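Notes for the one structure printed next.
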Amino acid sequence: MLIGVGLFLLMGINTGMAQRISFNTWTGSDDITILSPQGALPTLDFNQKKRALVPGSEAVTIDLVDNQAVIYEIEAPEGFDLTIDISAPNAFSLIDNPTESIPFLLKVAYNNMEPLDEISGKLNSVELPAGFSSITFPVSRRSAGAPSAPPSPEDGAFTRPKAKAYLYLYGTFGPVGMVPAGRYEGEININVSFTSYD
Numbered sequence: 453m454l455i456g457v458g459l460f461l462l463m464g465i466n467t468g469m470a471q472r473i474s475f476n477t478w479t480g481s482d483d484i485t486i487l488s489p490q491g492a493l494p495t496l497d498f499n500q501k502k503r504a505l506v507p508g509s510e511a512v513t514i515d516l517v518d519n520q521a522v523i524y525e526i527e528a529p530e531g532f533d534l535t536i537d538i539s540a541p542n543a544f545s546l547i548d549n550p551t552e553s554i555p556f557l558l559k560v561a562y563n564n565m566e567p568l569d570e571i572s573g574k575l576n577s578v579e580l581p582a583g584f585s586s587i588t589f590p591v592s593r594r595s596a597g598a599p600s601a602p603p604s605p606e607d608g609a610f611t612r613p614k615a616k617a618y619l620y621l622y623g624t625f626g627p628v629g630m631v632p633a634g635r636y637e638g639e640i641n642i643n644v645s646f647t648s649y650d
């Protein structure tokens with residue numbers, strides 16, 4: 453009896469690992485800082501929505517307003533345009549047998565108006581249509597009112613102020629078909645760069 457319980461727990465751990473998605477981030481400039489995820493969790497963890505996924509389970513969705521959504525804070529020179537490119541697979545594959553997979557749909561939103569808090573940032577964000585993997589938007593410190601002055605040229609006495617933008621990542625994992633238990637993986641890459649138009 454004890455051996456059976458131990459095996460069941462081990463199977464549950466292997467299955468649970470399949471639902472945690474990690475991210476890789478890169479910037480195209482030393483002027484851009486991508487701070488570690490700002491939300492409650494540093495990874496997109498579908499186990500927080502549903503404890504265990506078993507063969508035949510329905511899809512599990514993390515929505516933008518959920519605490520499990522991942523939030524990246526990006527700091528860059530104010531007034532420049534950020535370009536964010538995201539590559540994500542449409543399924544995650546079993547490590548030991550890549551022909552076995554579980555569907556995955558990544559969703560993305562952003563807020564470039566320096567929201568006061570996490571909730572207002574999510575509620576006032578711009579959601580990208582499904583399938584979009586690249587977005588360009590200006591970095592701004594203003595939340596309302598007239599646009600700020602154009603960027604000044606940099607010289608020895610001037611340091612361009614920085615502003616923050618937020619990238620929100622969420623999505624759907626599944627439905628889980630009749631697949632074997634195990635660890636399913638995929639890689640999501642985020643590349644952030646800016647254009648100064650100098």
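In this note's numbering, each residue's number is its place in the sequence shown (first place is 1) plus 452. Each residue gets a CB set at the ideal place from its N, CA and C atoms; glycine is no exception. What you are looking at is a predicted structure, and each value in this text was computed from that prediction instead of being measured.
Three-state class that DSSP yields for residue i in the structure shown
i, result
"Leu568", "coil"
"Gly573", "helix"
"Phe532", "coil"
"Phe498", "helix"
"Asn519", "coil"
"Arg472", "With a pLDDT of only 47 at Arg472, under the threshold of 50, the placement of this residue in the model should not be trusted, and no figure is reported."
"Ser509", "coil"
"Val631", "coil"
"Trp478", "Here the model assigns Trp478 a pLDDT of 45, short of 50, so the residue's position is not dependable and the matter cannot be decided."
Counted within 10 angstroms of its Cβ, other Cβ atoms place residue i as buried (16 or more) or exposed
i, result
"Pro529", "buried"
"Gly629", "exposed"
"Leu640", "According to the sequence as given, residue 640 is Ile; it is not Leu. Counting Cβ neighbours within 10 Å, Ile640 comes out buried, since at least 16 surround it."
"Phe584", "exposed"
"Val517", "exposed"
"Val578", "exposed"
"Leu575", "exposed"
"Asn519", "exposed"
"Ser539", "exposed"
"Ala615", "buried"
"Asn564", "buried"
"Asn499", "buried"
"Ser545", "buried"
"Ala504", "exposed"
"Ala617", "buried"
"Ala582", "exposed"
For residue i, the residue or residues it bridges with in DSSP
i, result
"Glu637", "Ser545"
"Gly623", "Ile514, Leu558"
"Pro590", "Asp533"
"Ser553", "Ser545"
"Ser645", "Thr535"
"Ala615", "Ala528"
C-beta neighbour in chain B for residue i, strict 7 Å
i, result
"Arg503", "Judged by its chain identifiers, the structure shown contains no chain B, having just a single protein chain."
Quick one: any contact between the segment 562-572 and the segment 498-512, if contact means 3 or more CB pairs under 8 Å? Counting C-beta pairs closer than 8 Å gives fewer than three between the segment 562-572 and the segment 498-512, which falls short of the contact rule.
Is it true that the segment 616-627 meets the segment 545-556, where meeting means three or more beta-carbon pairs spaced less than 8 Å apart? Yes, since at least three Cβ pairs between the segment 616-627 and the segment 545-556 fall closer than 8 Å, the two stretches touch.
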